Amino acid sequence: MERIEEVLEKLQNYINGQFCPPIANSYIDNFEPATGQVYSLIPDSDEQDVLQAVEAAEKAFPVWSSMTNEERSQILVRVSEGIQKRLDEFAHAESRDNGKPLSLATKVDIPRAVSNFHFFATAILHYASESHRMEGMGFNYTTRKPIGIVGCISPWNLPLYLFSWKIAPALAAGNCVIAKPSEVTPYTAYLLGQVLDEAGMPPGVLNIIHGSGMKAGDAIVKHPKVKAISFTGGTKTGAYIAQTAAPMFKKLSLELGGKNPNIIFDDCDFDSMLSTTMLSSFANQGQICLCGSRIFIQTGIYEKFRDAFVQKVDRIKVSHPDDPETKMGALVSKEHLQKVLSYIELAQEEGGKILSGGTPVQLPAPYDQGYYLRPTVIEGLDFQCRTNQEEIFGPVVTLTPFESEEEVLKMANSTQYGLSCTIWTENLKKAHRVADQVEAGIVWINSWLVRDLRTPFGGVKASGVGREGGWEALRFFTEAKNIFVKS
Ligand code: NDP
0 MERIEEVLEK LQNYINGQFC PPIANSYIDN FEPATGQVYS LIPDSDEQDV LQAVEAAEKA
60 FPVWSSMTNE ERSQILVRVS EGIQKRLDEF AHAESRDNGK PLSLATKVDI PRAVSNFHFF
120 ATAILHYASE SHRMEGMGFN YTTRKPIGIV GCISPWNLPL YLFSWKIAPA LAAGNCVIAK
180 PSEVTPYTAY LLGQVLDEAG MPPGVLNIIH GSGMKAGDAI VKHPKVKAIS FTGGTKTGAY
240 IAQTAAPMFK KLSLELGGKN PNIIFDDCDF DSMLSTTMLS SFANQGQICL CGSRIFIQTG
300 IYEKFRDAFV QKVDRIKVSH PDDPETKMGA LVSKEHLQKV LSYIELAQEE GGKILSGGTP
360 VQLPAPYDQG YYLRPTVIEG LDFQCRTNQE EIFGPVVTLT PFESEEEVLK MANSTQYGLS
420 CTIWTENLKK AHRVADQVEA GIVWINSWLV RDLRTPFGGV KASGVGREGG WEALRFFTEA
480 KNIFVKS
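The sequence shown begins at 0 in the numbering used here and counts up one residue at a time.
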């Protein structure tokens, strides 16, 4: 079918408080995962657009950084309220762009973006400087100033949620920002530009550049005036960014991939564990960096768990995002669906047995070209095989039995990743012992994805460098200066 470009909405960059087309006038197709159809076009920005954004940010920095915390806080609170007022519009846009159930975008993604702005808008009011007295000698006081212009680059799985998680602390601390959402899910970042206008954000403070990672993202990372990069995305991309930014001595915060273990002991609260494990396996189509994709079950309850889990998974409704009964929507893109399917094939080659799912879902028109996949459960794989070591980032989990704490820790810690872990047991001593030894930045005991925005967020090993959240984020987005005064 011939495409009529004129009828497709063209998203625009948001630079210096204005919506503007990309300088090269080149666009990228934006697909709707639920239907597999192109529904809008996004700027294919390059270094010229980034340059323009940097110039705008440079002009805005003296104004923004010299405002009081109170003044910046008020503007950011208005951004948060602006998103809240348009929650339905944002939620529809997020769900359409990403393929996630509308109910999830409405209950989780957009409310969390609202909270991110509100949290950092108010956190900055409580940010105190430190002082260290040296008896008989004098005292030190430490000031923290904004860095200047910073780059924020985010992925497609939780688009506005993660975009705002970076932007809000960067702005609250007094920086000007060049931000790039994923090219796969640009729409809510585009809508955010409209809210900024309404909130009275001065021009040039937050500039939103759309486009590909290799072109627009790379230009942000390489620009010498962008002094810090906060990046969330894949481990390979993170390594590339680190390689580019390190020789320029940029500050770097990298939140990368995961292959999280979900450790279930015989003595857990079975029902609570089972219902939460459904979520930690398949929420957002399994496309959350914190999903537990390797499920380790102690042998005493292995069969009981496997049968109950598979029975529940078989009943999950996979459908289009607007269906209120939908528990799983579409995967984010055709390429991603193919990648996940290739891992399911690999798992079988590696000797895995598919207990549930494993196949795409064919919905009736207009959703017949959408990227739907049944949630997939696999058993019988060695913990060291590729399926159990590489990040799939989709609705695929493996089940592995274990006998002892020592054995499960060895398996849990065997991957290059170390983002999060879930531990299920009623024995608190054991829970603390395992939590202490597991290689992860975030551990949930008898729960999953309970998030307090004040706590440090991030991973170890190939899951990242640095921490986001609370004071950690405000520390990252500021430079400390220690001043000593002789008494
Ligand atoms: P990518 O690494 O492919 O992309 C992330 C962002 O970086 C996108 O905006 C992308 O643009 C951009 N990008 C790509 N290449 C470059 C480059 N060379 N220079 C600058 N920017 C670049 O990740 P995905 O979007 O595929 O997201 C999935 C990954 O994110 C998974 O590995 C997941 O685990 C991880 N993740 C980690 C989280 C954490 O907190 N640790 C949270 C959520 C996800 P474009 O879209 O155009 O490619």
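Idealized CB from N, CA, C, for every residue including glycine.
If you're wondering where the values come from, they're calculated on a predicted model, not measured in any experiment.
Tell me, please, which residues DSSP counts as bridged to residue i.
i      : result
Ser487 : The shown model of the chain, from 0 to 486, leaves out residue 487, and the question about it has no answer.
Arg293 : Pro260 and Thr397
Leu251 : Ile228
Gln17  : Ile14
Gln36  : Glu31
Tyr26  : Pro42
Thr187 : Bridge partners of Thr187: none, in fact.
Val194 : None, per the DSSP bridge assignment.
His131 : Asn139
Phe308 : Bridge partners of Phe308: none, in fact.
Shorter than 6 Å, the distance from the beta carbon of residue i to the closest heavy atom of the ligand NDP, or not?
i      : result
Asp217 : yes
Pro455 : no
Glu254 : yes
Pro541 : No answer is possible for residue 541: the residues shown for the chain start at 0 and end at 486.
Ser72  : no
Gly232 : yes
Met213 : yes
Glu182 : yes
Val464 : no
Phe162 : no
Tyr239 : yes
Gly257 : yes
Cys504 : In the structure displayed, the chain extends from 0 to 486; residue 504 sits before or after that span and is not available.
Thr187 : no
Thr358 : no
Thr236 : yes
Phe89  : no
Cys290 : no
Phe392 : yes
Val220 : yes
Find the nearest neighbour of residue i within the set the options, judged by alpha-carbon distance.
i      : options                           : result
Tyr26  : Met327, Leu50 and Gly210          : Gly210
Leu354 : Val396, Ser271, Pro365 and Gln368 : Val396
Ser469 : Thr121, Glu57 and Phe483          : Reading off the sequence shown, one finds Gly at residue 469, where the question assumed Ser. Of the candidates Thr121, Glu57 and Phe483, the one whose C-alpha sits nearest the C-alpha of Gly469 is Thr121.
Gln286 : Thr325, Leu10, Gly98 and Met247   : Gly98
Asn283 : Glu302, Tyr301, Met327 and Phe264 : Met327
Pro21  : Asp196, Arg453, Gln11 and Val331  : Gln11
Ala188 : Ser64, Gly203, Ala171 and Leu157  : Leu157
Tyr126 : Ile482, Ser486 and Ala472         : Ala472
Ile208 : Gly199, Leu103, Leu86 and Ile219  : Ile219
Met66  : Lys303, Leu170 and Lys235         : Leu170
Quick one: what's got a C-beta closer than 7 Å to residue i's C-beta in the same chain, skipping five residues either side?
i      : result
Val407 : Ile262, Phe295 and Phe401
Pro154 : Leu161, Ser181, Thr231 and Gly232
Val484 : Gly137 and Phe138
Asn412 : Val437 and Glu438
Leu345 : Arg385 and Thr386
Cys19  : Gln11 and Asn12
Ile315 : Phe281, Lys326, Met327 and Pro374
His131 : Phe138 and Asn139
Residues in the same chain with beta-carbon distance under 6 Å from residue i, minus the five sequence neighbours each way, listed in chain order, please.
i      : result
Ile14  : Gln51, Ala52, Ala55 and Asn206
Glu478 : Lys144 and Ile146
Gly216 : Ile152 and Lys179
Ala329 : Pro32, Ala33, Gly98, Gly369, Tyr370 and Tyr371
Met0   : Note that Met0 has pLDDT 44, beneath the 50 cutoff, so the model's placement of it is unreliable and the number below is only indicative. Taken in chain order, the list of residues that qualify is empty.
Leu191 : none
Cβ of residue i versus every heavy atom of the ligand ZN: is any distance shorter than 6 Å?
i      : result
Phe483 : The model depicted lacks the ligand ZN and carries the ligand NDP instead.
Considering only residues of the same chain and omitting the five flanking positions on each side of residue i, which have a CB-CB separation below 8 Å?
i      : result
Gly458 : Glu254, Leu255, Gly257, Tyr416, Gly417, Leu418, Ser419, Ala439, Gly440 and Ile441
Ala430 : Ile422, Thr424, Ile444 and Asn445
Glu8   : Tyr38, Ser39 and Leu40
Answer with yes or no whether the minimum CB distance from residue i to chain B is below 7 Å.
i      : result
Asn261 : This model lacks chain B altogether; it includes just one protein chain.
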